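Trainee: Numbered according to numbering that gives the first Met the number 0, the sequence shown spans residues 0 to 286.
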Amino acid sequence: MATNATTIPIVNSFVDRYKQIFSHKYESMYIVQQYPNTFPLTFVALYVSMVFLLPKVLVRIPATKEGLNLGRLMSLWNLFLSIWSAAMVLGAGIPYGLHLLTHGYWDSVCDEQGLLTQENTLQYWMYAFNISKFAELIDTLLLILKHPKRPVPFLHWYHHMTVLLFVWYSDVWKFPGIIFIVVNATIHMFMYFYYFLKESGYKVSERYYALPLTVGQISQMFLGMFVNGSWIYMYYVQGRKCACQNPLAISISCAVMYGSYLYLFLSFFYGRYIVKKSDVRSVKKEQ
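#1: Which residues in the same chain as Ser169 place their Cβ atom closer than 6 Å to its Cβ, once the five residues preceding and following it in sequence are excluded?
#2: Leu45 to Gly215, Cα distance in whole Å?
#3: Would you tell me roughly how many angstroms separate the C-alpha atoms of Leu100 and Phe79, rounded to the nearest one?
#4: What is the residue span of the alpha helix (DSSP H) that Met188 lies within?
#5: Should Met256 and Phe179 be called a contact, given that it needs their Cβ atoms to be closer than 7 Å?
#6: Assuming Arg71 is part of the alpha helix (DSSP H), what are its boundary residues?
#7: Under DSSP, the alpha helix (DSSP H) around Leu289 begins and ends at which residues?
#8: Between Tyr95, Thr120, His187 and Val31, which lies nearest to Gln219 when the distance is taken from Cα to Cα?
#9: Whole angstroms is fine: what's the gap from Leu144's alpha carbon to His159's?
#10: DSSP three-state call for Gln219: helix, strand or coil?
#11: Could you have a look at Val58 and say whether DSSP puts it in helix, strand or coil?
#12: Can you list, in chain order, the residues of its chain with a C-beta nearer than 8 Å to that of Gly90? Leave out the 5 residues immediately preceding and following it.
#13: Within a Cβ cutoff of 6 Å, which residues of the same chain sit near Gln244, ignoring the five residues on either side of it in sequence?
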């Protein structure tokens with residue numbers, strides 16, 4: 000039986016204060032409303048062009064062909080993104096957690112009554128999450144400026160490009176994927192803090208940080224596929240009127256996105272932690 004956490008006076012007072020601070024109406028999202036296709040597609044086109052063309056330009060310039068020393072800048076940037084992610088974990092997690100307690104898992108995914116999309120505090124963090132995906136493209140720019148001779152890994156730019164589009168259109172079509180926001184922001188909070196430590200020169204244990212982080216990323220993909228499967232079951236099998244203006248596009252794109260991410264991250268895991276370790280063991284035996 001669901002518990003109504005907001006009946007507790009101190010919790011109710013906190014929630015009211017929270018809603019006063021983080022209030023954001025969907026109608027005020029001018030760019031999302033006025034340029035639902037032009038804005039994200041233009042950004043993606045410019046981003047992909049940057050990935051393939053900017054390195055070719057930089058290697059022709061003597062001052063940049065060996066890369067720029069961006070250690071401190073990248074360190075601060077990663078710390079900023081880690082803090083931003085932590086804010087989104089708390090910001091979206093508090094109202095979503097309360098909704099989960101009072102309405103249960105199925106309604107928190109389907110949102111048949113549209114309560115999540117009507118919640119101003121969640122709209123605030125949905126918008127912040129949307130903007131963060133554009134900000135994260137700067138990761139690639141800094142990576143290219145630092146190592147212009149290294150090709151940008153496919154996993155890196157494909158992930159940035161596709162997640163930006165999915166998050167954007169989830170906002171446009173009012174898909175209440177709050178659980179995706181909370182989980183993704185949690186992973187990114189630890190991921191960017193890891194990058195911050197690396198860029199700052201700290202020795203970070205691969206076994207106790209990088210490996211669990213990769214496992215967390217893979218777990219996120221499994222969870223995403225499970226949640227999408229739950230949503231598809233409720234909408235298409237049970238016939239529930241889940242909140243979304245384009246259910247077919249969302250369900251298919253979500254399945255393709257998380258399915259491809261799962262394959263790519265499993266391949267990365269295999270290459271970095273299984274093949275690499277077996278190679279190290281072979282070298283030791285030969286010695």
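For each residue, glycine too, the CB sits at the ideal point set by N, CA and C. As the structure is a computational prediction, the values presented were derived from the model and not from experiment.
Mentor: The short version:
#1: Your numbering for residue 169 matches position 170 in the sequence shown. These residues qualify, in order along the chain: Gly176.
#2: The count along the sequence shown starts at 1 and reaches residue 45 at position 46. The count along the sequence shown starts at 1 and reaches residue 215 at position 216. Between Leu45 and Gly215, the C-alpha separation is close to 30 Å.
#3: For the purposes of this step, residue 100 is taken as the residue at position 101 of the sequence shown. For the purposes of this step, residue 79 is taken as the residue at position 80 of the sequence shown. About 31 Å.
#4: Locating residue 188 in the sequence shown gives position 189, where the first residue counts as 1. Here the alpha helix (DSSP H) through Met188 covers Ile177 to Glu198.
#5: Here residue 256 corresponds to residue number 257 of the sequence shown, with the count starting at 1. Here residue 179 corresponds to residue number 180 of the sequence shown, with the count starting at 1. Cβ distance not < 7 Å, so Met256 and Phe179 don't count as in contact.
#6: Working through the sequence shown from its first residue, we reach residue 71 at position 72. That run of the alpha helix (DSSP H) goes Gly70 to Cys109.
#7: Outside the displayed range of the chain (0 to 286) lies residue 289, so it cannot be described from this structure.
#8: Locating residue 219 in the sequence shown gives position 220, where the first residue counts as 1. For Gln219, the nearest C-alpha among the options comes from His187.
#9: In the sequence shown, residue 144 corresponds to position 145, counting from 1. In the sequence shown, residue 159 corresponds to position 160, counting from 1. Distance from the CA atom of Leu144 to the CA atom of His159, rounded to whole angstroms, is 17 Å.
#10: Numbered from 1 along the sequence shown, position 220 holds the residue referred to as residue 219. DSSP places Gln219 in helix when its eight states are reduced to three.
#11: For this step, residue 58 is matched to residue 59 along the sequence shown. The answer is coil: DSSP assigns Val58 none of H, G, I, E or B.
#12: For this step, residue 90 is matched to residue 91 along the sequence shown. These residues qualify, in order along the chain: Phe21, Thr120, Tyr123, Trp124 and Ala127.
#13: As a working mapping, residue 244 is identified with position 245 in the sequence shown. So the list reads Trp172 and Lys173, once near-sequence residues are dropped.
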